[in-house]
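Below is one structure, written out as structure tokens; comments come after it.
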Ligand SMILES: Cc1cc2nc3c(=O)[nH]c(=O)nc-3n(C[C@H](O)[C@H](O)[C@H](O)COP(=O)(O)OP(=O)(O)OC[C@H]3O[C@@H](n4cnc5c(N)ncnc54)[C@H](O)[C@@H]3O)c2cc1C
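Numbering (the numbering used here), first residue to last: 472 to 886.
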């Protein structure tokens, strides 16, 4: 049987997938294998999780969730999905500051690729990580904590350092949010007030299909009223019914809107754990630019709207605060990210990506590691301050290249 990623656009070439029951099982498998790669929940859109050797899934391991209330920290098993333990955190009075659009993704896989939500003060999901427990190439179990000289290089590690069996995450006190959607934001209002709009809530997402002279929806996740904008806002109108970000899709898949307050983990993701996230038939790409360039980048993309419109289901603009993690696409700069949910047409998408990347080139664009992109290694190397150090670190922790794969080999030289 052909095994694929969630989207079905990548057929894994791995010889087999193993499901060890515990850390010792992981250690044995890694020590005995020539080539290994961990498969998280398989939500990436490229071959980053593939290998010519063995894939390891941690989904069969004990669902470890240890909350240290005094330290405001939780340690979770790497294979757990955010939706598996968010209720537990909330019940204990804690929250994570940010979540991606879906709770279905594994913690270790999301962190490894720099996955993010939105918010001018929120870093990526990796920004919450304070420690990693990891099985390295020779089967040793190591711990790397914040403050260790290699920590900033290894958190967004692209799966190249070993099998992350557990992660410690910083917690904040549990909080509630209310979510409002605004329809039809005029494009010129966005261009004039983008920074204010993107900072209007705790987490803000602006959606456009590039098919009209307005941006279709703005999702504002904020504390309860009166902090959220009024019913008419920069020419957009507050929606009077629940929305799905993709026009025509069923809003029942989405978290509660219309200002109904609810816990952080039922408002920060757009999609509900018990429903298919997004459309279920799609490809995705995402590009990060410095936040101050968001309007210039929007205008650059606007010049090819007639080429994007036929193949895009929706495009989402979000913000991510700067963070010190070397390979995070938000490393060292407050960022705005242009996410594209494409139709399921690989040739059409791959044909357009180089044009998008050229248009965003003046903004030193960085692609999402878990989505489709065509930038070359030389381009990426110039975009990250610590690229060469990351390569050195890969060679140091995995000298024989046990965890490397075709994807990593394409972008990172080994010393
Ligand atoms: C519908 C949908 C919505 C999405 N929304 C967002 C979004 O809002 N924001 C965003 O930034 N991204 C988003 N993504 C992208 C997604 O978050 C990333 O692709 C993420 O990496 C998925 O996590 P995963 O567990 O499925 O990882 P996988 O795709 O399984 O693996 C990704 C990488 O992580 C490595 N890895 C996984 N587990 C481990 C481990 N235990 N130890 C070491 N390495 C490991 C793998 O080897 C691989 O290199 C979305 C994807 C989908 C399908």
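Where a beta carbon is used, it is the ideal one built from N, C-alpha and C, also for glycine.
Please confirm whether any heavy atom of ligand 1 lies closer than 8 Å to the CB of residue i.
i           : result
residue 605 : yes
residue 510 : yes
residue 810 : yes
residue 480 : no
residue 748 : yes
residue 635 : yes
residue 690 : no
residue 476 : yes
residue 586 : yes
residue 614 : no
residue 753 : yes
residue 629 : yes
residue 873 : no
residue 830 : no
residue 807 : no
residue 646 : no
residue 757 : yes
residue 571 : yes
residue 496 : no
residue 599 : no
residue 543 : no
residue 580 : yes
residue 737 : no
residue 516 : yes
residue 742 : yes
residue 639 : no
residue 419 : No answer is possible for residue 419: the residues shown for the chain start at 472 and end at 886.
residue 713 : no
residue 519 : yes
residue 549 : yes
With which residues is residue i paired in a DSSP beta bridge?
i           : result
residue 475 : 482
residue 881 : Answer by DSSP bridge pairing: none, since residue 881 is not bridged.
residue 619 : 617
residue 756 : 811
residue 806 : 761, 791
residue 733 : 648
residue 799 : Residue 799 pairs with nothing; no bridge assigned.
residue 538 : 545
residue 653 : 689, 709
residue 703 : 708
residue 742 : 725
Could you please give the first and the last residue of the uninterrupted alpha helix (DSSP H) stretch that includes residue i?
i           : result
residue 824 : 817–831
residue 668 : 658–669
residue 859 : 858–868
residue 850 : 848–854
residue 561 : 553–562
residue 503 : 494–503
residue 487 : Taken as a continuous stretch (DSSP letters only), residue 487 belongs to no alpha helix (DSSP H), being part of the beta strand (DSSP E) at 487–489.
residue 579 : 578–583
residue 508 : Note, residue 508: premise wrong, no alpha helix (DSSP H); beta strand (DSSP E) at 507–510.
residue 777 : 776–779
Tell me where the beta strand (DSSP E) around residue i begins and ends.
i           : result
residue 787 : 783–791
residue 548 : 544–548
residue 605 : 600–606
residue 708 : 707–709
residue 677 : 674–679
residue 637 : 634–641
residue 527 : 525–528
residue 724 : Residue 724 -> no beta strand (DSSP E), and no H or E assigned at all.
residue 531 : Run containing residue 531: none; DSSP gives neither H nor E here.
residue 685 : 685–693
Practice task
Would you be able to state if there are at least three C-beta pairs under 8 Å between the segment 835–847 and the segment 743–760?
Solution key: Touching, yes.
Handout entry: Contact the segment 572–580 vs the segment 618–625: 3+ CB pairs below 8 Å
Key = As far as the Cβ criterion goes, the segment 572–580 does not touch the segment 618–625, which means the pair count is below three.
Problem - Validate contact between the segment 771–784 and the segment 860–869 using beta carbons, cut 8 Å, 3 pairs - result: With a cut-off of 8 Å, the segment 860–869 and the segment 771–784 do not count as touching, because too few Cβ pairs lie within range.
Exercise for the section: Assess, as a yes-or-no matter, whether the segment 841–853 is touched by the segment 789–797 under the definition of 3 or more beta carbon pairs within less than 8 Å. Expected result: Short answer: they don't touch.
Exercise for the section: For the segment 764–778 and the segment 557–575, state whether three or more C-beta atom pairs, one from each stretch, are separated by less than 8 Å. Expected result: Here the segment 764–778 does not lie against the segment 557–575, with fewer than 3 beta-carbon pairs under 8 Å apart.
Exercise for the section: Flag this pair as touching only if the segment 526–536 and the segment 485–496 have three or more C-beta atom pairs under 8 Å; answer yes or no. Expected result: Put simply, the segment 526–536 touches the segment 485–496. At least three CB pairs are less than 8 Å apart.
Problem - Touching by the beta-carbon criterion (3+ pairs, under 8 Å), the segment 810–817 and the segment 603–618 - result: Verdict: no, contact absent.
Exercise for the section: Count the CB pairs spanning the segment 550–564 and the segment 731–748 that are closer than 8 Å, and state whether there are at least three. Expected result: Verdict: yes, contact present.
Handout entry: Stretch-stretch touch, CB-based, cutoff 8 Å, three pairs: the segment 537–557 with the segment 711–727
Key = No, they do not touch.
Problem - the segment 792–810 contacting the segment 585–595, beta-carbon criterion three pairs below 8 Å - result: Contact between the segment 792–810 and the segment 585–595 is present, because at least three Cβ pairs lie under 8 Å.
Exercise for the section: Specify whether the segment 637–645 and the segment 875–886 touch according to this definition: at least 3 beta carbon pairs, one from each stretch, less than 8 Å apart. Expected result: Output reads no: the segment 875–886 does not touch the segment 637–645.
Handout entry: Stretch pair the segment 626–633 + the segment 678–686: three plus CB contacts closer than 8 Å
Key = They do not touch, by the three-pair rule.
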